[in-house]
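The structure under discussion appears below in the form of structure tokens.
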Amino acid sequence: MTDVEKRPSRAPVPSGWEYAPAPEARDIVHIDERYGLYVGGEWLEAKEHYTTISPSSEEPLAEIAQAGPEEVATAVAAAREAAENGWAEISPSERAKYLFRIARILQERSREFAVLESLNGGKPIRESRDVDLPLAAAHFFYYAGWADKLEYAFPNRRPRPVGVAGQIIPWNFPLLMLAWKIAPALAAGNTVVLKPAETTPLTALLFCDVVRQAELPSGVVNIVTGDGRTGAELVRSEVDKIAFTGSTEVGKAIQRELAGTGKRLTLELGGKAANIIFDDCALDQAIEGIVNGIYFNQGHVCCAGSRLLVQESIYEQAVAKLKRRLKTLRVGDPLDKNTDVGAINSKQQLEKIRELVEAGEAEGAEIYQPPCRLPENGYWFAPTVFTNVAQSYRIAQEEIFGPVLSVLTFRTPEEAIEKANNTPYGLSAGVWTEKGSRILWMAGRLRAGVIWANTYNRFDPSSPFGGYKESGFGREGGRHGLEPYLEFE
Ligand code: NDP
């Protein structure tokens, strides 16, 4: 007899998807009360500090150094010295060994990093544990493999390092963005000064311990914390190259600042990606792809599928299925292993999301949010879908960078292309159809750096990532990701 048949008639039948709390223990990670700046392999005291918090509870976590002009200059000098006195000259296979070591240490300490990432950034532990950490380690492994093969990567071109790279990263994938920046730079023989985002400095500071553990020569990696002023100082400093990921607005300001200086620049900026669903797609899989496309990491993803383009013939069915799926998303404690949607990264970002959602309602779009209880403290926003959206609405044009999806419709592939490309951005897109020929037809016409077919938000270190138009220029990942850190004779 099966278990079901054996159940006594009075036993309660499970009625819903209730989950018991499954919190990840946070005592695996030690957080210092106060951090300095990691410069030349030592901790340098700063004059000013600010408090970093946990966005899910607003609990203060640590005092973080605010690096000023002098401190940034000291960090750049340390990186310069390391570049000129050894790192660039060291044998490429030795460089590879350090990168392999860093990758392995990240794997070994991944739980500690994952907890800290969720604590400081608000993202669900499921994502930091299963996406951010494995991908960060994979980037170091991948570029470790290139370090002694640069002549093969660029045959007959005699590559050499650019020198000192200034790297400025955002708060949505703090450790992963650090890996995207540091791994190719080091593999190519550069030294770096990296500034993490103001709200999420803790995993970058823990990474300094990995650098120490890997016995990386002093000054090869320097970490300066602070707000946008520190970033601006780094841009003005004596670096040879700037690599920036963040908003289009700041990207443009950096480009203006660097014009005529001869410093190299790569920009990875915002996006407003179209996720395009044709009526012949596997709809249930597409619904999962839509959810992963926009609610992954609370929608704090530059390549998020924030505009859903649905073929008109399946519109009703797709929206009904999507709403039903939204009801099963669990919003809450980022450290709970069952959580799907965590906290919004900062108060400022929450205000921006609210402003754009209000604009969407005022312009006439129809809002849907599943019933969910949001925690009292911290910064939260329920997963949101807008239907009845016109192309001209702000929610269809501007990057919201939150868990908010705008649904539009189309009739023909040509119309889908026109609508998808009707944005100042060009970072990513998704296509869902069972026809391979249609995928290729669409991919050839979509103006986006990354196009996913029958999947979304998939990342791999060997695959180049970057944008067109206001989404920036330069590629990260793959062999292409080495080029911005090399000069060719
Ligand atoms: P920013 O572009 O301001 O932040 C990105 C990084 O640049 C941070 O380290 C930031 O420091 C630093 N920075 C800020 N001002 C300057 C400056 N003048 N010169 C050099 N560096 C600077 O993004 P926000 O955090 O303000 O987010 C605003 C919007 O940007 C979001 O709502 C989203 O739309 C978009 N965004 C896009 C990202 C992407 O991956 N494409 C990532 C993050 C945001 P600090 O953190 O201290 O301000």
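Read in order, the letters of the sequence shown correspond to residues 3 to 491 in our numbering. Virtual Cβ for every residue (Gly too), placed ideally from N, Cα, C.
Judged by DSSP in its simplified three-state form, VAL223 adopts strand. Under the 8 Å Cβ criterion, the segment 353-372 counts as touching the segment 380-400, having at least three qualifying pairs.
If the five residues before and after PHE383 are omitted, its C-beta is found closer than 7 Å to the C-beta atoms of ILE346, LEU352, ILE355, GLY404 and PRO405, all from its own chain and listed in chain order. A distance below 7 Å between beta-carbons, with the five flanking residues on each side excluded, links ARG36 to the following residues of its chain, in chain order: HIS51, ALA64 and GLU65.
Separation of the CB atoms of ASP282 and GLU436 is rounded to 5 Å, and the pair is thereby assigned contact status at 8 Å. In the DSSP annotation of this structure, the continuous segment of the alpha helix (DSSP H) that includes ALA116 starts and ends at 112-123.
Rounded to the nearest angstrom, the gap between the Cα atoms of ASN87 and TYR297 is 46 Å. GLY124 counts as buried, since at least 16 other C-beta atoms from the protein chains shown sit within 10 angstroms of its C-beta. In this structure ILE104 is in contact with VAL212, their Cβ atoms being roughly 6 Å apart against a cut-off of 8 Å.
At least one heavy atom of the ligand NDP lies less than 6 Å from the C-beta of SER249. DSSP places LEU269 within a strand segment (E or B) once states are collapsed to three. ALA146 is classed as buried because its beta carbon has at least 16 other beta carbons within 10 Å across all chains shown. Counting along the chain, GLY432 sits inside the beta strand (DSSP E) bounded by residues 430-434. Beta-bridge analysis with DSSP links PHE412 to GLN313. Beta-bridge partners of TRP45 (DSSP): TYR40. Under the three-state reduction of DSSP output, TRP173 falls in the coil class, being neither helix nor strand.
In the structure shown, HIS141 falls within a helical segment according to DSSP collapsed to helix, strand and coil.
With a beta-carbon spacing of about 5 Å, ARG309 and ALA276 fall inside the 8 Å limit used to define contacts. Contact between the segment 96-110 and the segment 127-147 is established, with three or more Cβ pairs separated by less than 8 Å. Contiguous beta strand (DSSP E) elements confined to the segment 370-395 occur at 386-389, taking only those with 3 or more residues. Using a 10 angstroms sphere on the CB of TYR21, the tally of other CB atoms stays under 16, which defines it as exposed.
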